[in-house]
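Visitor: I'd like to ask you about the structure that follows.
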Amino acid sequence: MTCFCSVLSVLLLALSAPISVADVDVYFGCGCFWHVQYAMVGLEISVLGREGASVTARTAYAGSNVTNPNGLVCYHNAEQVSDYAAMGYAEAVSVSIPEEHFGAFVKKFWEVCPHGNRKDAMDLDHQYRSVIGVPGGLQSKLYALLGKSANASQLPAGQGGDADTYGTNKVWVMDSLKFKAHTAEKYHQFHDDFMTSPYDRQYHALQQFAEKTGCPGDAGHGSVILS
Numbered sequence: 001m002t003c004f005c006s007v008l009s010v011l012l013l014a015l016s017a018p019i020s021v022a023d024v025d026v027y028f029g030c031g032c033f034w035h036v037q038y039a040m041v042g043l044e045i046s047v048l049g050r051e052g053a054s055v056t057a058r059t060a061y062a063g064s065n066v067t068n069p070n071g072l073v074c075y076h077n078a079e080q081v082s083d084y085a086a087m088g089y090a091e092a093v094s095v096s097i098p099e100e101h102f103g104a105f106v107k108k109f110w111e112v113c114p115h116g117n118r119k120d121a122m123d124l125d126h127q128y129r130s131v132i133g134v135p136g137g138l139q140s141k142l143y144a145l146l147g148k149s150a151n152a153s154q155l156p157a158g159q160g161g162d163a164d165t166y167g168t169n170k171v172w173v174m175d176s177l178k179f180k181a182h183t184a185e186k187y188h189q190f191h192d193d194f195m196t197s198p199y200d201r202q203y204h205a206l207q208q209f210a211e212k213t214g215c216p217g218d219a220g221h222g223s224v225i226l227s
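In this text, residue positions in the sequence shown follow the numbering used here: the first is 1, and each later residue adds one.
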């Protein structure tokens with residue numbers, strides 16, 4: 001009887017344990033990626049309980065599938081190596097999250113990007129367009145959650161290298177499996193945003209967990225052109 005009870009207890013514990021669901025890789029873009037990263041990191045900490053190396057939000061380049069032989073997608077640089085804007089990419093933030101929390105991140109995105117309009121209106125052209133990347137694009141099971149906000153916009157399918165969205169009431173929805181996010185240079189990670197007061201030291205300290213890319217700005221040679 002004691003043995004049976006022990007087995008039953010183990011089975012009940014197994015059935016009551018939460019089912020582990022793999023995280024889904026998505027991305028959000030709306031103007032300069034610095035303030036978008038700050039918003040997503042805040043959710044990772046407050047909603048998901050992440051800290052330090054477990055924080056996954058990274059500034060990135062997304063919304064295109066143009067590649068160069070070197071495999072790089074880089075910020076503007078004097079050597080003109082794999083310039084993200086010239087290759088049709090937009091600034092975005094990639095993040096890996098449990099599907100059940102995807103709605104919270106969508107809600108935050110619409111707070112940051114009401115009706116698809118970036119708050120840094122002075123940043124011009126297609127590299128600052130608004131994008132959301134989910135596996136499968138419009139066919140994704142996550143797509144239905146994107147429009148559930150009073151601040152939501154139209155959600156057309158992006159084709160890659162799409163036009164600017166400012167003032168158009170739309171956000172391009174990308175298939176993140178076809179239009180992958182390329183992590184930006186380390187110096188672009190956990191960076192202050194020019195529209196707000198400097199972020200705190202704890203936030204800046206997260207940069208230690210970001211890896212360098214092979215781009216000129218990270219490789220220790222060449223110069224970066226800010227624009």
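Every residue, glycine too, gets a C-beta built ideally from N, C-alpha and C.
For residue 96, does the three-state DSSP call read helix, strand or coil?
Guide: Residue 96: strand per DSSP, three-state reduction.
Visitor: Which residues bound the beta strand (DSSP E) around residue 62?
Guide: 58-62
Visitor: Which runs of the beta strand (DSSP E) fall wholly inside the region 67-150 and span at least 3 residues, in chain order?
Guide: 90-98 and 131-134
Visitor: Answer yes or no: do residue 133 and residue 62 have a C-beta to C-beta separation smaller than 9 angstroms?
Guide: yes
Visitor: Between residue 219 and residue 185, what straight-line distance do the alpha-carbon atoms span, to the nearest angstrom?
Guide: 9 angstroms
Visitor: So residue 27 is in the beta strand (DSSP E); what residue range does that whole segment cover?
Guide: For residue 27, the enclosing beta strand (DSSP E) has its first and last residue at 23-29.
Visitor: Helix, strand or coil: how does DSSP classify residue 173 here?
Guide: If DSSP states are grouped into helix, strand and coil, residue 173 belongs with the strands.
Visitor: Excluding sequence positions up to five away, which residues of its chain have a Cβ less than 8 angstroms from the Cβ of residue 41?
Guide: 55, 57, 190, 203 and 206
Visitor: Pairs of beta-carbons, one from the region 90-106 and one from the region 24-35, closer than 8 angstroms: are there three or more?
Guide: yes
Visitor: What's the C-alpha gap between residue 174 and residue 145?
Guide: 15 angstroms
Visitor: How long is the line joining the alpha carbons of residue 131 and residue 212, rounded to whole angstroms?
Guide: 24 angstroms
Visitor: For residue 201, name the three-state secondary structure that DSSP assigns.
Guide: helix
Visitor: Name the one or two DSSP bridge partners that residue 183 has.
Guide: 60
Visitor: Beta carbon of residue 135, beta carbon of residue 124: below 9 angstroms?
Guide: no
Visitor: Quick check: what's the CA-CA separation for residue 150 versus residue 36?
Guide: 19 angstroms
Visitor: Looking at residue 183 and residue 59, is the spacing between their C-beta atoms short of 9 angstroms?
Guide: yes
Visitor: Between residue 156 and residue 172, what straight-line distance do the alpha-carbon atoms span, to the nearest angstrom?
Guide: 5 angstroms
Visitor: Out of 53, 85 and 76, point me to the one whose CA is closest to residue 163's CA.
Guide: Ranking the options by Cα distance to residue 163, first place goes to 85.
Visitor: Return the residue from the list 176, 119, 24 and 111 that minimises the CA-CA distance to residue 193.
Guide: For residue 193, the closest C-alpha among the options 176, 119, 24 and 111 is that of 119.
Visitor: Classify residue 235: buried if its beta carbon has 16 or more other beta carbons within 10 angstroms, exposed otherwise.
Guide: The displayed coordinates of the chain run from 1 to 227. Any statement about residue 235 would go beyond what the structure contains.
Visitor: Please name the residue in 188, 214 and 139 whose C-alpha comes closest to that of residue 178.
Guide: 139
Visitor: Can you tell me which of 195, 72, 127 and 80 puts its alpha carbon nearest to the alpha carbon of residue 228?
Guide: Coverage of the chain is limited to positions 1 through 227, which leaves residue 228 absent and any answer about it impossible.
Visitor: Would you identify the three-state DSSP class for residue 163, choosing helix, strand or coil?
Guide: coil
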